[in-house]
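Residue numbers (this note's numbering): 1 to 332.
The structure under discussion appears below in the form of structure tokens.
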Ligand SMILES: Nc1ncnc2c1ncn2[C@@H]1O[C@H](COP(=O)(O)OP(=O)(O)OP(=O)(O)O)[C@@H](O)[C@H]1O
Ligand SMILES: [Mg+2]
């Protein structure tokens, strides 16, 4: 079963942190127990969840990692040491559960500035994996906001990850970041990492943007990943461009608290449903509620239509679901 999802791309501003936090909130709404692991400077994912932060004292994530800097490259962290360190620091931090979360919950291993120091001193790439293995029975899904490229923390994140999700803004300068991320995955496989590509999710996707179509086509035909054409790994839905994501971040609220326009976050509902099914949590898919309950007429960004450059690049949710049936509806 897939449990640990890393959101990664070696290019800034592609929507990593927005993807991590929006998915975390949605999966919790469906009733999943979600842990967010924020390894990305400057801690945008932690900041974006500040409406859920309880005012309780806890230690720092970097303090947790500090004792493990004595480990050497080949050393695994010992579960007993991890548990003791977690206990001493009251980590991960349980985030406040909203009444509408239907049994779901979120917790956070928050970013802090000390992680830069730790990154310079850490030698073992197995520390984060050891920590997550220690706590993973308490969670259904773990989401990692990946740290910067070419760092021991990134190696740690990769070795802890089952599936990588790559957010991608369809512009020419992002293709290089995509390339670097696919290389990272290949290197990981060579080093026996278990991470496979979950998929590429187009973000900041604007209706009627013909240039985006060209880039998506370039990407789709730019090679293979894990023996499959890259185009098989693009999610069929995309995340719409909307200033409300930025508003939500500034106010520290979910995007659905800033606007009632369901088109804004519809792509993330579809991504959350894919993730729940991929994680073997199909049973939770029936719990569509609150922000996850979309009207049939909601327009979703349709990757195939964006690539073809036809019309607005959107599809009606009801029609889209008929073609790309989520596991819940299969056979119905
Ligand atoms: N779909 C979207 N439409 C418009 N703006 C968005 C969208 N998704 C995210 N944003 C905004 O784009 C900016 C970058 O998003 P985000 O911080 O999630 O990216 P990131 O990949 O984590 O960036 P970094 O490399 O800085 O960590 C933020 O201001 C965010 O609010
Ligand atoms: Mg970020």
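Even glycine gets a Cβ: it sits at the ideal position worked out from N, Cα and C.
Closer than 6 Å: residue i CB and nearest ligand 2 heavy atom
i, result
"residue 11", "no"
"residue 16", "yes"
"residue 44", "yes"
Inter-residue spacing [alpha-carbon to alpha-carbon] between residue i and residue j
i, j, result
"residue 212", "residue 296", "26 Å"
"residue 304", "residue 233", "12 Å"
"residue 101", "residue 127", "31 Å"
"residue 331", "residue 30", "At residue 331 the pLDDT is 40, less than 50, meaning the model places this residue with poor confidence; the figure from the coordinates comes in the next sentence. So the alpha carbons of these two residues sit roughly 22 Å apart."
"residue 52", "residue 183", "36 Å"
"residue 247", "residue 272", "21 Å"
"residue 23", "residue 269", "8 Å"
"residue 17", "residue 311", "30 Å"
"residue 161", "residue 198", "11 Å"
"residue 132", "residue 180", "26 Å"
"residue 306", "residue 263", "15 Å"
"residue 114", "residue 151", "15 Å"
"residue 221", "residue 68", "43 Å"
"residue 189", "residue 195", "7 Å"
"residue 104", "residue 119", "32 Å"
"residue 9", "residue 186", "14 Å"
"residue 134", "residue 309", "47 Å"
"residue 46", "residue 122", "22 Å"
"residue 106", "residue 141", "10 Å"
"residue 64", "residue 112", "11 Å"
"residue 82", "residue 193", "21 Å"
Sheet register partners of residue i (DSSP bridge)
i, result
"residue 314", "301"
"residue 333", "The requested residue 333 does not occur in the structure, where the chain is confined to residues 1 to 332."
"residue 164", "6, 197"
"residue 144", "6, 37"
"residue 238", "301"
"residue 202", "168"
"residue 232", "For residue 232, which the question treats as bridged, DSSP gives no partner whatsoever."
"residue 225", "228"
Status (buried if at least 16 other CB within 10 Å, exposed otherwise) for residue i
i, result
"residue 204", "buried"
"residue 137", "exposed"
"residue 14", "buried"
"residue 329", "Here residue 329 scores only 45 on pLDDT, less than 50, and its place in the model is too uncertain to base an answer on."
"residue 323", "exposed"
"residue 57", "exposed"
"residue 76", "exposed"
"residue 314", "buried"
"residue 42", "exposed"
"residue 210", "exposed"
"residue 218", "exposed"
"residue 70", "exposed"
"residue 173", "exposed"
"residue 280", "exposed"
"residue 299", "buried"
"residue 145", "buried"
"residue 25", "buried"
"residue 50", "exposed"
Closer than 6 Å: residue i CB and nearest ligand 1 heavy atom
i, result
"residue 204", "yes"
"residue 249", "yes"
"residue 40", "yes"
"residue 173", "no"
"residue 150", "no"
"residue 296", "no"
"residue 246", "yes"
"residue 100", "no"
"residue 242", "yes"
Minimum Cβ-Cβ distance from residue i to chain C less than 7 Å
i, result
"residue 56", "Of the protein chains in the structure, only one exists, and it is not chain C."
Check: residue i C-beta below 6 Å from any heavy atom of ligand 4
i, result
"residue 239", "The model on display carries ligand 1 and ligand 2 but not ligand 4."
Which full runs of the beta strand (DSSP E) of 3+ residues lie inside the segment 27-57, going along the chain? 33-38
- Go through the segment 78-133 residue by residue and report every complete run of the beta strand (DSSP E) that reaches 3 residues or more, in order. 105-109
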